[in-house]
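Take any residue in the sequence shown, count from 1 to its spot, add 47: that is its number in our numbering.
C-beta atoms are modelled at their ideal positions from N, C-alpha and C, and glycine is treated no differently.
Quantities reported herein were computed from a predicted structural model and do not represent experimental measurements.
A quick write-up on the structure given underneath.
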Amino acid sequence: MAIVRPRRWGYVVRTLAAGGTRIQLCGRLLAELDGVRVDAALPGRQGRLVFAYLAAHRHRAVTRSELWDVLWPDGAPASPDATLRPLLSKLRQVVGEDRLRGRSELQLVLGSDARVDVETARDAVHDAESAIARQGWHEAWLPAQIAWSVTNREFLPGHEGPWIDERRRELEELRLRVLECIAQVGVRLGGAELPAAERAARALVRAAPYRESGYRHLMEALEAGANVAEALRVYERLRRLLRDELGVAPGRELAAVHQRLLQRAP
């Protein structure tokens with residue numbers, strides 16, 4: 048599936064049109080160029096890694112020394128170009144000379160309409176948060192779900208390296224923002240979306256136990272589901288955590304939710 052953003056009405060999902068280009072870096076590596084799958088033809092593990100790096104940095108030129116660090120993070124061999132040169136030659140045969148441009152500096156040119164999943168996730172989170180700021184809960188729902196479908200998968204599983212670790216940290220922070228969006232939207236929409244809101248808030252609390260917003264979203268989701276006592280228990284758990292670990296109390300927003308819950312409690 049490809050994601051497009053019409054000017055007037057947020058995200059829509061459509062089947063990838065003939066001739067489309069999409070790259071998936073989270074989860075299983077997938078590469079479709081002009082409607083043709085090429086990921087299986089990439090030259091081995093090193094070829095997939097170089098392709099992924101070029102795709103992740105497609106908006107700028109990449110030096111050969113960068114690619115040495117990608118392939119050999121613990122130190123390049125005596126003649127790294129002896130390995131890199133034939134690898135790039137094979138990669139050009141797969142993606143085409145017109146896409147892999149340059150010699151001393153290389154750039155993967157995919158076109159303005161190409162879809163790279165990590166870029167789509169960033170755009171989707173931004174759109175979801177912008178819609179939430181306007182209280183456009185229905186408008187925020189779809190981009191939040193799209194971003195979740197990307198950030199819930201590991202970036203380049205099976206590969207390691209400093210640049211991969213950095214990108215995984217960025218995507219983990221993005222995932223936390225997505226969870227916040229899903230929790231907020233689910234509470235406001237209510238009904239069938241409440242369970243998703245509660246799950247997202249619980250996942251946020253587990254992933255970032257000192258992030259107070261996760262507890263607030265969880266308390267609000269439980270309150271919306273008429274589970275006031277359980278919501279109060281969530282506040283008490285956070286209060287003890289902050290007291291024992293940091294010697295502080297929950298912030299104003301959480302305290303306000305707590306007071307509201309106390310007034311509703313039997």
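(1) By a C-beta neighbour count over all protein chains shown, 10 Å radius and 16 as the cutoff for buried, is Y282 buried or exposed?
(2) Using three-state DSSP, classify T68 as helix, strand or coil.
(3) Which residue marks the beginning of the alpha helix (DSSP H) containing A276, and which one marks its end?
(4) Do you know offhand how far E292's Cα is from L285's?
(5) Taking the straight line between their C-alpha atoms, what separation do you get for A180 and D121?
(6) When the Cα atoms are used, what is the spatial distance from Q310 to L279?
(7) Can you tell me the Cα-Cα spacing of R75 and N199, whole angstroms?
(8) Which residue marks the beginning of the beta strand (DSSP E) containing L155, and which one marks its end?
(9) For the alpha helix (DSSP H) holding L218, just list the boundary residues, first then last.
(10) Just to confirm my understanding: we take A116, look at its own chain, exclude 5 residues before and 5 after, and list those with CB closer than 7 Å. What are they?
(11) Report yes if the C-beta distance between F5 and R215 is below 8 Å; otherwise report no.
(12) Where does V83 fall in DSSP's three states?
Reading it off the structure:
(1) Around the beta carbon of Y282, a 10 Å sphere encloses 16 or more other beta carbons of the protein chains shown; the residue is thus reported as buried.
(2) coil
(3) Bounds of the alpha helix (DSSP H) holding A276 are V275 to L293.
(4) 10 Å
(5) 45 Å
(6) One C-alpha to the other measures close to 11 Å.
(7) 12 Å
(8) Note, L155: beta strand (DSSP E), E152 to L155.
(9) P209 to L236
(10) Residue 116 is actually Asp in this sequence, not Ala. Cβ neighbours of D116 beyond the five flanking positions: none.
(11) For the chain, the structure presents residues 48 to 313; residue 5 sits outside this window and is missing.
(12) Secondary structure at V83: strand, using DSSP grouped into helix, strand and coil.
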